[in-house]
Amino acid sequence: MIDATSWAVIAPELVLLTLACVVTLADLWVKHPQRGLTYWLTQITLTLLVLWQAGHARTLSNPDMHKAAYGFGGMVVADAFGAWLKCAATLALMVALVYARPYSTERQMVKRGGELYILALFALLGVYITAAGNHFLVIYLGLELTALASFAMVALRRNHALSAEAGMKYFILGSLASGFLLYGLSMLYGATGAMHLPLLQESVLRGIGSKGVLMLGLVFVVAGLAFKLAAAPFHMWVPDVYQGAPTSITLIIATAPKLAVFAVLVRLLVGGLLDLASQWQLMLVVLAVCSLLLGNIAATLQHNVKRMLAYSTIAQNGFLLLVFAVSYVNGNNYLLKDALAASMFYMLTYVLAALVAFGVLMLLSGENVECETLDDLRGLNHRHPVYAGIMALAMLSLAGVPLTVGFYAKFRIIQVLLMAQTGLHVGLAIFAVLTAVIGAFYYIRIIKVMYFDEPVHPEEWSVAHRTDAHAMLSINGALLVVLGILPAGLLRLCDEAVLNMLRHMSGMQ
Numbered sequence: 001m002i003d004a005t006s007w008a009v010i011a012p013e014l015v016l017l018t019l020a021c022v023v024t025l026a027d028l029w030v031k032h033p034q035r036g037l038t039y040w041l042t043q044i045t046l047t048l049l050v051l052w053q054a055g056h057a058r059t060l061s062n063p064d065m066h067k068a069a070y071g072f073g074g075m076v077v078a079d080a081f082g083a084w085l086k087c088a089a090t091l092a093l094m095v096a097l098v099y100a101r102p103y104s105t106e107r108q109m110v111k112r113g114g115e116l117y118i119l120a121l122f123a124l125l126g127v128y129i130t131a132a133g134n135h136f137l138v139i140y141l142g143l144e145l146t147a148l149a150s151f152a153m154v155a156l157r158r159n160h161a162l163s164a165e166a167g168m169k170y171f172i173l174g175s176l177a178s179g180f181l182l183y184g185l186s187m188l189y190g191a192t193g194a195m196h197l198p199l200l201q202e203s204v205l206r207g208i209g210s211k212g213v214l215m216l217g218l219v220f221v222v223a224g225l226a227f228k229l230a231a232a233p234f235h236m237w238v239p240d241v242y243q244g245a246p247t248s249i250t251l252i253i254a255t256a257p258k259l260a261v262f263a264v265l266v267r268l269l270v271g272g273l274l275d276l277a278s279q280w281q282l283m284l285v286v287l288a289v290c291s292l293l294l295g296n297i298a299a300t301l302q303h304n305v306k307r308m309l310a311y312s313t314i315a316q317n318g319f320l321l322l323v324f325a326v327s328y329v330n331g332n333n334y335l336l337k338d339a340l341a342a343s344m345f346y347m348l349t350y351v352l353a354a355l356v357a358f359g360v361l362m363l364l365s366g367e368n369v370e371c372e373t374l375d376d377l378r379g380l381n382h383r384h385p386v387y388a389g390i391m392a393l394a395m396l397s398l399a400g401v402p403l404t405v406g407f408y409a410k411f412r413i414i415q416v417l418l419m420a421q422t423g424l425h426v427g428l429a430i431f432a433v434l435t436a437v438i439g440a441f442y443y444i445r446i447i448k449v450m451y452f453d454e455p456v457h458p459e460e461w462s463v464a465h466r467t468d469a470h471a472m473l474s475i476n477g478a479l480l481v482v483l484g485i486l487p488a489g490l491l492r493l494c495d496e497a498v499l500n501m502l503r504h505m506s507g508m509q
């Protein structure tokens, strides 16, 4: 019999599912081509969830709470780590839809129905399920729900050839990634007989099952997650999908779903396979090195800004994966908390910067004009100095320039690497700095184009008056500087969330 605690644990998911169904039904009666009612119902839903998750996460972060709440036989878990990731994903989607509404309306993506808002809610539901997953089936269900909604959103602009092509590529390669992950999870289950993450950790600790099957399953799991995260050499879908999808959809899939994959990385590798850290962290180091090298070098060759940001995402993911190299150092995990907190901080700050960068591109795109190449940004400071300044802040943050939050995120990861005090980790830190210098080239090139080049066709570019989007973009850009100067609050939040998770994790009491 399912007790009340189980329903309480999945209450956010149930509320989101219910409200998503309400929005779907309400949209059937909306006839206006701009789908105003659907949009505002979606935003009200997201606002309620942000407030709820923030309060819930703050309660769970209380140092006196040493245990999380489990439901449905331990298949789902409610802790501060998952609650803060849900809150961040919800807030990111809420901001993304503010930017996406005028862009999508001008391209008639919501004229025949509010699928954009409905699919976005169901993608977020997948993020919620994934962040709460403590069992193979729950994790896989959440990831696939997010993926299926994302596939549909990419191809939502039906009369656009590039969008349809991007949707097909995303679907095929995403299905391949899901197959890798599912096959790896099945091999882990076959080797240990466990699908609950705490039981998996216990089985690995006791040496139950075939070592060879366990290692092969681990390889497939890491490969599947690398596909989902967009880490080289499993990155081939990212540039084409980012460029081909409507910019509003690119922004959505570049932010909230990434938090779901990050949650799986932590839950599965740390929560279930920590005793195999010496094996999987070497795989992640290889992925990180390849991502940093390929992502930064390929980005310098791009003329399309969306494609450049796609390769930038690959490089940023490489930076994120580097920190997992200190999960297990010299036979112990004394740096685990610092590593996970630094990675969570990095992921949150990347999402913040990505919202700004893609938001500017969307708001500069007119009804018949797409702003997505370097030529489109030429002389932006002469036409729209506020947008040029906000875009410059986003580029500086992604490059890791001081006084922006991106600098402290990169600095914290390098600091954690140096804390390991081994030759490998010092070498990785130096490599990360060198590749960051390469990355700074293409970020600063955008700033140079905006401030020092003449516009190509200045008469074609005009920005409509969108008060809510302008205000949101200004706040979003200001946060890049405010959090860069005062990062302690956000970093403390990440520390408390990770510590709460480690306290209740099996074997970490």
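If you're matching positions, the sequence shown starts at 1 in the working numbering and goes up one per residue.
The beta-carbon is built from N, C-alpha and C at its ideal position, and this holds for glycine as well.
None of these values were measured; they are calculated from a predicted model.
A direct Cα-to-Cα measurement between Arg-445 and Tyr-311 gives close to 15 angstroms.
With at least 16 other beta carbons inside 10 angstroms of its own, Lys-228 counts as buried. With contact defined as three or more Cβ pairs closer than 8 angstroms, the segment 218-232 and the segment 153-162 are not in contact.
Straight-line spacing of the CA atoms in Ala-325 and Val-481 works out to 29 angstroms. Val-23 and Asp-338 have their C-alpha atoms roughly 41 angstroms apart. Unbroken alpha helix (DSSP H) runs of no fewer than 4 residues, entirely contained in the segment 407-487, are found at 423-452 and 467-485, following chain order. No residue range can be given for Ala-132, since it is assigned to no alpha helix (DSSP H) and is classified by DSSP as neither H nor E.
Non-local C-beta neighbours of Gly-484 in its own chain, meaning closer than 8 angstroms and more than five positions away in sequence, comprise Ser-397, Pro-402, Leu-403, Thr-404, Val-405, Gly-406, Phe-407 and Tyr-408, ordered along the chain.
As the crow flies, the alpha-carbon of Asn-500 is around 22 angstroms from that of Phe-136. In this structure the segment 293-304 does not lie against the segment 356-363, because fewer than three pairs of beta carbons, one per stretch, are closer than 8 angstroms.
Remark: fewer than three beta-carbon pairs, one from each stretch, lie closer than 8 angstroms, so the segment 253-262 and the segment 282-297 are not flagged as touching. One thing to note: Tyr-128 has its Cβ no nearer than 9 angstroms to the Cβ of Leu-97.
In this structure, Thr-146 lies away from Gly-71, with their beta-carbon atoms at least 9 angstroms apart. Close CB contacts of Ser-474 within its chain, under the 8 angstroms cut and outside five residues either way in sequence, are with Val-386 and Ile-390 (chain order). Counting only runs that start and end inside the segment 320-394, the alpha helix (DSSP H) elements of at least 4 residues fall at 336-364 and 380-383.
Partner residues in the beta bridge of Val-76, as assigned by DSSP, are Gly-71 and Gly-133.
Between Thr-130 and Ala-260, the C-beta spacing is below 9 angstroms. Residue Gly-174 holds the alpha-carbon nearest to the alpha-carbon of Val-238 among Val-213, Phe-345 and Gly-174.
Straight through space, the alpha carbons of Glu-372 and Val-449 are spaced by roughly 13 angstroms. Beta bridge pairing from DSSP links His-196 with His-135. The Cβ atoms of Val-77 and His-425 lie no closer than 9 angstroms to each other.
When the Cα atoms are used, Gly-477 and Leu-493 turn out to be separated by approximately 21 angstroms.
For the 9 angstroms CB-CB criterion, Leu-214 and Ala-191 form a contact. Distance from the CA of Arg-58 to the CA of Ala-80, rounded to the nearest whole angstrom, comes to 7 angstroms. Ranked by Cα distance from Pro-198, the options Trp-84, Phe-262 and Gly-133 are led by Gly-133.
Nearest C-alpha to Glu-165 among Leu-19, Thr-422 and Pro-246: Pro-246. Non-local beta-carbon contacts of Val-241 in its own chain, meaning distances under 7 angstroms to residues more than five positions away in sequence, involve Val-154, Ala-166, Lys-169 and Tyr-170 in chain order. In this structure, the CA atom of Ala-288 is about 11 angstroms from the CA atom of Phe-234. Around the CB of Lys-410, 16 or more other CB atoms lie within 10 Å, so the residue is classed as buried.
The secondary-structure analysis by DSSP pairs Asn-304 across a beta bridge with Thr-373.
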